[in-house]
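Letter 310 of the sequence shown, counting from 1, is numbered 309 in numbering that gives the first Met the number 0, and no numbers are missing.
C-beta: ideal position from N, C-alpha, C; glycine also.
As the structure is a computational prediction, the values presented were derived from the model and not from experiment.
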Amino acid sequence: MSRTIATEPLEIIQGLENEHQPPLYAKRDIALVRGEGSYLFDSTGKRYLDAMSNYGIAGLGHADPEYTAAMQDQLARLTTCHQSFYNDQRAAAMAALQSVMPAALDRYFLSNSGTEAIEAALKFAIAVTGRKKIVAAKRGYHGRTMGALAATAEPKYREAFASLLIETVHVAYNDPEAIEGAIDGETAAVILEPIQGEGGIHMGTAEFLSAARTAATTHDALLIADEIQCGFRTGTPFVAPAMGTVPEILVAAKAVGNGFPVGVTALTSAIAEQLPAGVHGTTYGANPLAARAIIESIHAYASRGLYAQSARIGEMLMAGIRDLGKSKIRDVRGRGLMIGVELKERVTPTIRALQEAGVLVLPATPVVFRLLPPLIWQEAQVREFLAALDTVL
Ligand SMILES: Cc1ncc(COP(=O)(O)O)c(C=O)c1O
Numbered sequence: 000m001s002r003t004i005a006t007e008p009l010e011i012i013q014g015l016e017n018e019h020q021p022p023l024y025a026k027r028d029i030a031l032v033r034g035e036g037s038y039l040f041d042s043t044g045k046r047y048l049d050a051m052s053n054y055g056i057a058g059l060g061h062a063d064p065e066y067t068a069a070m071q072d073q074l075a076r077l078t079t080c081h082q083s084f085y086n087d088q089r090a091a092a093m094a095a096l097q098s099v100m101p102a103a104l105d106r107y108f109l110s111n112s113g114t115e116a117i118e119a120a121l122k123f124a125i126a127v128t129g130r131k132k133i134v135a136a137k138r139g140y141h142g143r144t145m146g147a148l149a150a151t152a153e154p155k156y157r158e159a160f161a162s163l164l165i166e167t168v169h170v171a172y173n174d175p176e177a178i179e180g181a182i183d184g185e186t187a188a189v190i191l192e193p194i195q196g197e198g199g200i201h202m203g204t205a206e207f208l209s210a211a212r213t214a215a216t217t218h219d220a221l222l223i224a225d226e227i228q229c230g231f232r233t234g235t236p237f238v239a240p241a242m243g244t245v246p247e248i249l250v251a252a253k254a255v256g257n258g259f260p261v262g263v264t265a266l267t268s269a270i271a272e273q274l275p276a277g278v279h280g281t282t283y284g285a286n287p288l289a290a291r292a293i294i295e296s297i298h299a300y301a302s303r304g305l306y307a308q309s310a311r312i313g314e315m316l317m318a319g320i321r322d323l324g325k326s327k328i329r330d331v332r333g334r335g336l337m338i339g340v341e342l343k344e345r346v347t348p349t350i351r352a353l354q355e356a357g358v359l360v361l362p363a364t365p366v367v368f369r370l371l372p373p374l375i376w377q378e379a380q381v382r383e384f385l386a387a388l389d390t391v392l
């Protein structure tokens with residue numbers, strides 16, 4: 000067998016994964032082996048319209064020529080460089096991040112995934128406030144390492160580890176009084192997704208975010224905005240600042256690296272300066288290749304006009320889905336290219352039928368499927384998606 004097996008029959012690929020991976024994921028029965036722009040290809044050569052960008056990661060789609068050339072260049076130059084040394088790409092990544100962050104968030108801790116970036120945010124909040132309690136939202140998802148898991152609401156992720164998790168109070172999302180009541184003098188941080196992704200695409204209201212902001216300030220607690228999923232895809236780089244709420248800590252991942260694993264924990268100088276040296280760290284974090292991915296992704300999103308395009312295409316997509324007038328659809332909601340379609344029945348058969356028809360979407364809850372397309376989608380992809388959905392429903 001060759002060292003890479005993209006050309007092997009599906010059964011060989013499936014057999015090896017099934018034999019050697021713990022059964023942690025419900026598998027879909029295709030092997031994706033190649034991507035090009037808004038399309039993915041399986042091991043039989045079948046083409047799929049990508050309406051998921053691998054859970055919101057591939058903002059530029061797949062194998063973008065400019066991004067690929069930059070990453071290849073960096074691969075041939077320098078890939079690893081500990082943070083005790085300065086590095087040209089890391090410095091440029093800091094400048095790129097400042098170009099998309101609110102001005103007050105001018106310090107960046109870089110890591111290698113969303114959950115690690117959340118873990119850092121929680122550790123920073125606990126270290127700076129000297130408190131332990133976290134306030135988060137019901138239906139919220141923040142990752143599955145032990146700190147992030149405490150903030151994540153879903154019992155199926157938490158149960159086996161409940162006794163080990165940091166004390167967290169989960170309040171109803173979009174209930175300003177509930178969040179005001181939960182934040183007190185024991186609270187280190189309140190952590191919220193401005194748009195809940197895994198929980199079923201629910202948009203936070205400006206009132207709710209503002210109530211969290213005010214209550215956190217009143218009690219000297221920190222506000223953490225988790226923009227790992229909603230970042231970059233709703234018409235602006237980030238949602239909370241666009242809605243008038245600036246947190247002390249904003250967390251990004253997924254699209255900020257366009258496929259190369261990156262986590263970003265952005266914080267104010269005031270918080271950063273209180274962190275004792277050595278209180279947190281990572282060997283891989285902020286490596287030159289990750290830094291280059293950040294630089295290229297942020298540059299491409301801005302220079303190609305992809306914020307405005309996401310907002311426009313997202314509106315078109317939502318209007319188009321509503322206009323199909325399908326009786327099975329209960330609700331269509333979202334912002335930009337973060338869209339939830341709630342059905343009056345379970346979504347699994349629809350997701351499967353779309354896949355058969357050559358379109359890949361994601362589940363969110365048992366009755367909501369999600370669209371998180373690459374930000375490069377244009378009218379042609381909207382038409383293609385709507386035609387498939389029309390047939391399938
Ligand atoms: C809002 C949010 N926070 C945190 C995470 C965790 O990120 P990762 O899977 O990279 O650890 C995710 C992943 O889906 C997410 O959507």
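Asked                                                                                                                                                               : Found
Quick test of the definition: if touching needs 3 or more C-beta pairs under 8 Å, does the region 126–140 touch the region 287–305?                                 : no
For a minimum of 4 consecutive residues, which ranges assigned as the alpha helix (DSSP H) are wholly contained in the region 213–245?                              : 238–241
What's the gap between the Cα of I133 and the Cα of T167?                                                                                                           : 5 Å
Do you know offhand how far V358's Cα is from M317's?                                                                                                               : 16 Å
Report all residues for which the CB-ligand distance to some heavy atom of ligand 1 is below 6 Å; order them along the chain.                                       : Y54, S112, G113, T114, I117, Y140, H141, G142, E192, G196, E197, D225, I227, Q228, A252
Do you know how far the Cα of P175 is from the Cα of I12?                                                                                                           : 49 Å
Please identify the residue among R351, I312, G319 whose C-alpha is closest to the C-alpha of L336.                                                                 : I312
Taking all protein chains shown into account, decide if M0 is buried (16 or more other Cβ within 10 angstroms of its Cβ) or exposed.                                : Bear in mind that a pLDDT of 48 at M0, under 50, signals an unreliable position, so the number given afterwards is only what the model happens to contain. Counting Cβ neighbours within 10 Å, M0 comes out exposed, since fewer than 16 surround it.
Assign A346 to buried or exposed, taking buried as 16 or more other Cβ atoms, counted over all protein chains shown, within 10 Å of its Cβ.                         : The question names Ala, but residue 346 in the sequence shown is Val. Result: buried.
What are the boundary residues of the alpha helix (DSSP H) that includes S296?                                                                                      : 287–302
Please report the residue range of the alpha helix (DSSP H) in which R369 lies.                                                                                     : No alpha helix (DSSP H) holds R369; the beta strand (DSSP E) holding it covers 367–370.
In the region 346–386, which residue ranges form an unbroken alpha helix (DSSP H) of at least 4 residues, counting only runs that do not cross its ends?            : 347–355
Which residues in the same chain as Y417 place their Cβ atom closer than 7 Å to its Cβ, once the five residues preceding and following it in sequence are excluded? : Since the displayed the chain opens at 0 and closes at 392, residue 417 lies outside it and no answer follows.
If you pair each beta-carbon of the region 192–205 with each one of the region 220–239, do three or more pairs fall below 8 Å?                                      : yes
Taking only runs of the beta strand (DSSP E) that begin and end inside the region 126–200, which ones reach a length of at least 3 residues, in chain order?        : 132–136, 167–170, 186–191
Measuring CB to CB, does T79 end up less than 8 Å from E115?                                                                                                        : no
Buried or exposed for H81, going by 16 or more other Cβ atoms inside 10 Å?                                                                                          : exposed
State the start and end residues of the unbroken beta strand (DSSP E) segment that holds V99.                                                                       : Element bounds for V99: not the beta strand (DSSP E) but the alpha helix (DSSP H), 87–99.
By alpha-carbon positions, which one of T264, V366, K327, L323 ends up nearest to L96?                                                                              : T264
Could you work out which residue in G243, P260, S309 is closest to A251 when comparing CA atoms only?                                                               : P260
So, are the CB atoms of S112 and G258 less than 8 Å apart?                                                                                                          : no
Y107 by DSSP, collapsed to three states: which one?                                                                                                                 : strand
Excluding sequence positions up to five away, which residues of its chain have a Cβ less than 8 Å from the Cβ of I200?                                              : I194, R332, G333, M337, I338, G339, A363, V367, R369
Looking at T244 and R212, is the spacing between their C-beta atoms short of 8 Å?                                                                                   : yes
Could you give the first and the last residue of the continuous beta strand (DSSP E) run that contains A265?                                                        : 262–266
Decide if K26 is buried, meaning its Cβ has at least 16 other Cβ atoms within 10 Å, or exposed.                                                                     : exposed
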